[in-house]
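Protein chains: 2
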Amino acid sequence: MKISLGAKTLAVPTPVWVIGSYDGKGRPNVMTAAWAGICCSRPPCVGVSLRQATYTYGNIVGQKAFTVSIPGRAQAAAADFFGMVSGRDVDKFAATGLTAMKSDLVNAPYVKEFPLILECEVIRQVEIGLHTYFVGQIHDVKAEENVLAEDRALDASKVDPIIFSPEVRRYYGLGDFIGQAFSLGRAFMA
Amino acid sequence: MKISLGAKTLAVPTPVWVIGSYDGKGRPNVMTAAWAGICCSRPPCVGVSLRQATYTYGNIVGQKAFTVSIPGRAQAAAADFFGMVSGRDVDKFAATGLTAMKSDLVNAPYVKEFPLILECEVIRQVEIGLHTYFVGQIHDVKAEENVLAEDRALDASKVDPIIFSPEVRRYYGLGDFIGQAFSLGRAFMA
Chain A
1 MKISLGAKTL AVPTPVWVIG SYDGKGRPNV MTAAWAGICC SRPPCVGVSL
51 RQATYTYGNI VGQKAFTVSI PGRAQAAAAD FFGMVSGRDV DKFAATGLTA
101 MKSDLVNAPY VKEFPLILEC EVIRQVEIGL HTYFVGQIHD VKAEENVLAE
151 DRALDASKVD PIIFSPEVRR YYGLGDFIGQ AFSLGRAFMA
Chain B
1001 MKISLGAKTL AVPTPVWVIG SYDGKGRPNV MTAAWAGICC SRPPCVGVSL
1051 RQATYTYGNI VGQKAFTVSI PGRAQAAAAD FFGMVSGRDV DKFAATGLTA
1101 MKSDLVNAPY VKEFPLILEC EVIRQVEIGL HTYFVGQIHD VKAEENVLAE
1151 DRALDASKVD PIIFSPEVRR YYGLGDFIGQ AFSLGRAFMA
């Protein structure tokens, strides 16, 4: 039997992604976002929702660019920290000892030590409510060599990303291989 | 060292969510989407990107409503099947033996057997490129009793959702508990 939980943002899985941006003085900042996801295949785009109150919001409106730095499990504490304090008050790179790398394609920094990076130019800004949705066209994806297979394919299991469970605010790892997409479903083909 | 992989939709994790809609004749359809995510906290909203070519696209434009039915691992084959064939050609409920339940809040059906359901009214439609992004305001979340804790909290580990790795097209399960959000990061507090 289904229980009604009310009008809430209770979807799972949600990602734990770190959004990189520069402020008007060129200072790098990062914040953690879970309201985010790929939103178009051609052009390749990723969308990220931010509250206007965040320092990152103003940075992205100003620079029309952001990066997504995707942490692995080893970076969970830093990724969590990036969501706990504001770039107005804290230099988050200095506090964590991580390195801000300037993208060579867009005017935004990424976290050098994180395994997977998306470099994005803002092409749409959609006001929804408390959150504003920014659509970023992905100009490049950069991955650490050690999260790529020999054929340079990128597989989630090597990135070892963090998965967020909203409301209970828990982080989980990626689990075991269930099966191949566009294949498991053949069981139902007539 | 970072390797450039080009402008691709290579973010992980991405969800495996099933979008429910009615066509103009009131026939229920479902399709699987990975380009989706929560996009606003107030009002609670979820965004889903669809190609115009899909049957679901026309349904949602017509009815201004959709549901998100989130499968657990036990429903992986059905969820995969829902992404392999078109509702133009196949009655996907009949083919899988699953049940279309009409939402009592929006004009869209959901998959009765799936553990977690979001019932959504379309409040924005954003043309991006190959994909159109639909923002749905969440009017209710319904969960199977057996995926809720005693206090009715919803935790990802009980839903046991499927996680998609794009390009290599692999499905993974949810892994182990890493830590509590807004807590792990205290390690970096001055």
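Protein chains in written order, with the numbering used here: chain A, 1 to 190; chain B, 1001 to 1190. Heads up, the beta-carbon is just placed ideally off N, CA and C, and yes, glycines get one too.
Item	Value
Contact under 8 Å by Cβ, residue 58 of chain A with residue 1173 of chain B	no
Residue from A/151, A/168, A/117 and A/139 whose Cα sits closest to the Cα of residue 1168 of chain B	A/151
Expected contact under 8 Å - CB spacing of residue 1187 of chain B and residue 77 of chain A to nearest Å	5 Å
Delimiting residues of the beta strand (DSSP E) encompassing residue 164 of chain A	163-165
Chain-order list of residues whose beta-carbon lies under 7 Å from that of residue 43 of chain A (same chain, five-residue window excluded)	137
Cβ-based neighbour list, residue 88 of chain A, same chain, cut-off 8 Å, excluding 5 preceding and 5 following	55
Assigned exposure category for residue 99 of chain A - 16 Cβ within 10 Å defines buried	exposed
CB contact check: residue 1031 of chain B to chain A, cutoff 8 Å	no
Local conformation of residue 46 of chain A per DSSP, three classes	strand
Against chain A: residues of the stretch 1071-1082 of chain B by CB proximity under 9 Å	1073, 1076, 1077, 1078, 1079, 1080, 1081 and 1082
Distance between residue 1014 of chain B and residue 1164 of chain B (C-alpha atoms, nearest Å)	5 Å
CB contact check: residue 63 of chain A to chain B, cutoff 8 Å	no
Neighbour-count burial assignment, residue 66 of chain A, 16 or more Cβ in a 10 Å radius	buried
8 Å Cβ cutoff, residue 141 of chain A in contact with chain B	yes
CB of residue 1117 of chain B within 8 Å of CB of residue 1069 of chain B, strictly	yes
Start and end residues, alpha helix (DSSP H) containing residue 1060 of chain B	1055-1063
Within-8 Å CB hit, residue 1094 of chain B to chain A	no
Runs of beta strand (DSSP E) wholly within the stretch 81-111 of chain A (minimum 3 residues, chain order)	100-102 and 109-111
Span separating the alpha-carbon of residue 193 of chain A from that of residue 1035 of chain B	Because chain A in this structure spans residues 1 to 190, residue 193 of chain A falls outside the shown range and cannot be described.
Interface positions of the stretch 133-157 of chain A facing chain B (Cβ-Cβ less than 7 Å), listed along the chain	133, 135, 138, 139, 140, 141, 142, 143, 144, 145, 148, 152, 153, 154, 155, 156 and 157
Anticipated Cβ contact below 8 Å, residue 106 of chain A with residue 119 of chain A, distance rounded	5 Å
The stretch 16-31 of chain A contacting the stretch 1014-1034 of chain B, beta-carbon criterion three pairs below 8 Å	no
Reference residue 1132 of chain B, options A/45, A/5, A/12 and A/25, closest by Cα	A/45
Buried versus exposed, by CB contacts within 10 Å (16 or more), residue 1108 of chain B	buried
Residue closest to residue 184 of chain A, alpha-carbon to alpha-carbon, out of B/1083, B/1149 and B/1060	B/1083
Reduced DSSP category for residue 1033 of chain B - H, G, I as helix; E, B as strand; rest coil	strand
From A/6, A/61, A/81 and A/143, residue whose alpha carbon lies closest to that of residue 1189 of chain B	A/81
Buried versus exposed, by CB contacts within 10 Å (16 or more), residue 1004 of chain B	exposed
Beta-carbon neighbours of residue 1177 of chain B, restricted to chain A and to distances below 7 Å	170 and 172
Beta-carbon neighbours of residue 1014 of chain B, restricted to chain A and to distances below 9 Å	13, 15, 37, 38 and 156
Cβ shell of residue 1140 of chain B (< 7 Å), same chain only, five flanking positions each side left out	1105 and 1119
is_contact[residue 1054 of chain B, chain A] using C-beta, thresh 8 Å	no
C-beta atoms of residue 79 of chain A and residue 159 of chain A nearer than 8 Å	no
Extent of the continuous alpha helix (DSSP H) to which residue 156 of chain A belongs	156-159
Contacts that residue 181 of chain A makes with chain B (C-beta to C-beta distance below 7 Å)	1080, 1164, 1169, 1170 and 1171
Range covered by the beta strand (DSSP E) that runs through residue 178 of chain A	170-180
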